[in-house]
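J.: Before anything else, here's the structure in question.
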Ligand code: PGA
C-alpha cells in the first residue's frame, strides 16, 4: 500500500513567530488521518519547526538543498546541515527552482543522488508548462523530466522518492488541473515507471498532485485512483484551509 501524503510548501512565507503560530494551530487542529502530513517552512525556520513539532506526527521538509557535502557554495545548505537538525525530507525540482533559479534536470539528478546517499526522502516535483499542454506535448515533457533526473537510479531508490506532478500553469494561478487531467497524467507517470522498472515499483510510489489545490477541490482530486495526495502551496499557509485539505484524503 502506498502512502497518502499531504505536504505544505510554504515557499518564502512566514517569519519565525508566524511559523510557530501556524504550527501550533496545525498541531492543535490536526484530525485523525491516514495521510502523512509534511510542512516545508523556509530554511531559517526549519529548526524552530522541528522543535515545535517534536510531539506531533507532522513531519518537516526543506524546500531545497545543495548536492555538495560542504564547501565554497555561498548561500547554500547541505544535506548534513538538514540532517543535523533532524530534517530528513527535501523538496527537489520545484518549478520555481527550475524557472527562477535555472535548475536543470542534470543539476536535479545530482541533488537526488546526494539526498539518496544521505538517506533523505525526496519529494520530486516536475510538470509541464502551459505551451507544452497546448501543443499536446505534456506527456513528452513529463516523461523526459523523469528520465533525465531519476531514471539512472535503481528501482530500490524509489522507496525514498515521492513524486509530485505539478503542471506549471496551475501553480499559484487559481487554475487547477481537472481531476480527470490529474488522473490521466498520474496514470501515465505510473505506466512510465512500470515500463522502465516494474509494476511493483510503480504501484508503490506515491504520486502527489500540486497546483491550486484548495479545500473546495481537494477531495475530488484525491479521490482519483492514481492521486495519492497533494503538494499544497498557497492554501497551506492557512491552518483551516490546510486542515480541510487533509480531511479530503
Ligand atoms: P499552489 O502551489 O498550491 O499555490 O498552486 C503549489 C506548489 O507550488 O507546490
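Residue numbers (the working numbering): 2 to 250.
Built from N, CA and C at the ideal position, the CB exists for glycine as well.
Please read all numbers here as calculations on a predicted model, not as lab measurements.
Label residue 105 either buried or exposed according to how many other C-beta atoms from any shown protein chain fall within 10 Å of its C-beta, with 16 as the threshold for buried.
T.: Residue 105 should be labelled exposed.
J.: Considering residue 29, what are the terminal residues of the alpha helix (DSSP H) in which it resides?
T.: 17-30
J.: Give the range of the alpha helix (DSSP H) segment to which residue 245 is assigned.
T.: 240-248 is the extent of the alpha helix (DSSP H) around residue 245.
J.: Decide yes or no for the touch test of the region 17-26 against the region 176-195: beta carbon pairs closer than 8 Å, at least 3 of them.
T.: With a cut-off of 8 Å, the region 176-195 and the region 17-26 do not count as touching, because too few Cβ pairs lie within range.
J.: Here's a check: name, in chain order, each residue in its chain whose Cβ is nearer than 8 Å to the Cβ of residue 160, leaving out the five neighbours to either side.
T.: 205
J.: List the DSSP bridge partners of residue 86.
T.: According to DSSP, residue 86 bridges with nothing at all.
J.: Ligand 1 and residue 232: does the residue's C-beta get closer than 6 Å to at least one heavy atom of that ligand?
T.: yes
J.: Three Cβ pairs or more, each shorter than 8 Å: is that satisfied between the region 147-166 and the region 122-130?
T.: The answer is yes - the region 122-130 touches the region 147-166, with three or more Cβ pairs under 8 Å.
J.: Quick one, which of 80, 27, 137, 149 has its alpha-carbon nearest residue 251's?
T.: Missing from the structure shown is residue 251; the chain here goes from 2 to 250 and no further.
J.: Given a cut-off of 7 Å, decide if residue 48 and residue 11 are closer than it, judged by their beta-carbon atoms.
T.: For residue 11 and residue 48, no; Cβs fall outside 7 Å.
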